[in-house]
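Residue numbers (UniProt numbering): 1 to 328.
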């Protein structure tokens, strides 16, 4: 790499990080004028720049001009389409993967991860299984990112048995793997219920599933299980009431959490603690203190978790007097 191409390379990395499209396009013009686009490092960087800027038409044109494409060239374009996360872009990912194999370019772990993601968006279990087979042949299935993407693909496609087989074969399982597997089982159970109208819905099942979806990205699924609890007359069960309030609070939907809290006929210390803690953590210290004051009128004794939550609220609103009283 010459001094000029090294300078172009460094600037492309900078503009890619900044997502500075005007400067990147201007630099691209300079690269063409100086003939530096023949350098594979520069060409790959241009593909990556346009792909990460979501200008995939330009990325594809640069990609097409590369005479001898390496795995970095393919991954740059595949990654760009994969990041869009739409069925159309995911279809482009699978087409690029097939074309790459046709041209005898050897895929790596990064390539497989993006193709599994595409298969999960398309909900195409056959595509996922084909990529999995190739990953095994190329010994990429020991890669943590490949396993994570594959597990996610099987769960989203409803292939929970295949997901479990993969999960059981993993030498090490991190929190992401466990969460994905729980998600897969929960979704599989919900789909079965919706299709078969099962009568074996009980408080333990609903509470367990609600507890698995206390993340903002799962709020819509959590709402469906909330509706399921209402439909089956289970909302009066204390454990389910706690789970619903916790679901909305942990997902950042404090208005819904408060509404469910007010509607609950039996508020225990867990429910109070959830509301107070989440108000404190979201910066609503005054509301947390107000709720702590209300708990005394309810006749309940605050737990250690409630006290931790309200002490945090005192520090946020600089309520020194109230904090000293709580300390006492």
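Glycine included, each C-beta is placed from N, C-alpha and C at the ideal position.
Please look up how many angstroms separate the CB atoms of residue i and residue j, rounded, as I've assumed it's under 8 angstroms.
| i | j | result |
| --- | --- | --- |
| residue 36 | residue 8 | 6 angstroms |
| residue 235 | residue 229 | 5 angstroms |
| residue 222 | residue 251 | 7 angstroms |
| residue 49 | residue 16 | 5 angstroms |
| residue 272 | residue 291 | 7 angstroms |
Report the three-state DSSP secondary structure of residue i (helix, strand or coil).
| i | result |
| --- | --- |
| residue 247 | helix |
| residue 138 | Interpretation of residue 138 is limited by its pLDDT of 48, a score under 50 that renders its predicted location unreliable; the figure taken from the coordinates is listed afterwards. Three-state DSSP puts residue 138 in coil, outside helix and strand. |
| residue 219 | helix |
| residue 59 | helix |
| residue 234 | coil |
| residue 68 | coil |
| residue 77 | helix |
| residue 126 | At residue 126 the pLDDT is 49, less than 50, meaning the model places this residue with poor confidence; the figure from the coordinates comes in the next sentence. DSSP places residue 126 in helix when its eight states are reduced to three. |
| residue 173 | coil |
| residue 159 | coil |
| residue 253 | coil |
| residue 226 | helix |
| residue 264 | coil |
| residue 20 | coil |
| residue 28 | helix |
| residue 153 | helix |
| residue 242 | helix |
| residue 119 | For residue 119, the pLDDT reaches just 45, beneath the cut-off of 50, and the residue's location in the model is therefore unreliable, although a value from the coordinates is still provided. It is helical. |
| residue 203 | helix |
| residue 6 | helix |
| residue 106 | coil |
| residue 34 | helix |
| residue 213 | coil |
| residue 86 | coil |
| residue 53 | coil |
| residue 41 | helix |
Could you check whether residue j and residue i sit closer than 8 angstroms to each other, using their CB atoms as the reference points?
| i | j | result |
| --- | --- | --- |
| residue 288 | residue 276 | yes |
| residue 31 | residue 42 | yes |
| residue 206 | residue 184 | no |
| residue 77 | residue 61 | no |
| residue 74 | residue 105 | yes |
| residue 268 | residue 245 | no |
Please name the residue in the options whose C-alpha comes closest to that of residue i.
| i | options | result |
| --- | --- | --- |
| residue 176 | 160, 168, 152 | 152 |
| residue 55 | 295, 239, 83 | 83 |
| residue 65 | 274, 103, 46 | 46 |
| residue 215 | 232, 263, 253, 203 | 253 |
| residue 263 | 269, 279, 241 | 241 |
| residue 147 | 169, 160, 161 | 169 |
| residue 224 | 239, 248, 238 | 248 |
| residue 52 | 81, 33, 69 | 81 |
| residue 27 | 38, 18, 11 | 11 |
| residue 180 | 171, 163, 172 | 163 |
| residue 34 | 294, 2, 57 | 2 |
| residue 343 | 23, 22, 178, 69 | What is shown of the chain runs 1 to 328, which leaves residue 343 out entirely. |
| residue 89 | 72, 103, 57 | 57 |
| residue 298 | 286, 265, 278, 279 | 265 |
| residue 72 | 294, 213, 92, 100 | 100 |
| residue 213 | 21, 29, 102, 178 | 178 |
| residue 44 | 67, 103, 233 | 67 |
| residue 232 | 217, 211, 29, 204 | 204 |
| residue 280 | 302, 296, 307 | 307 |
Give a yes or no on whether 8 angstroms exceeds the smallest Cβ distance from residue i to chain D.
| i | result |
| --- | --- |
| residue 161 | The structure shown contains no chain D; it holds only a single protein chain. |
At a cut-off of 7 angstroms, would you count residue i as near the ligand COA, judging by its Cβ distance to the nearest heavy atom?
| i | result |
| --- | --- |
| residue 87 | Questions concerning the ligand COA fall outside what the structure shown contains, since it holds no ligand whatsoever. |
Item to check | Sequence ranges, alpha helix (DSSP H) only - wholly within the UniProt repeat "PPR" (268-302), length at least 4 | outcome: 269-281, 285-297
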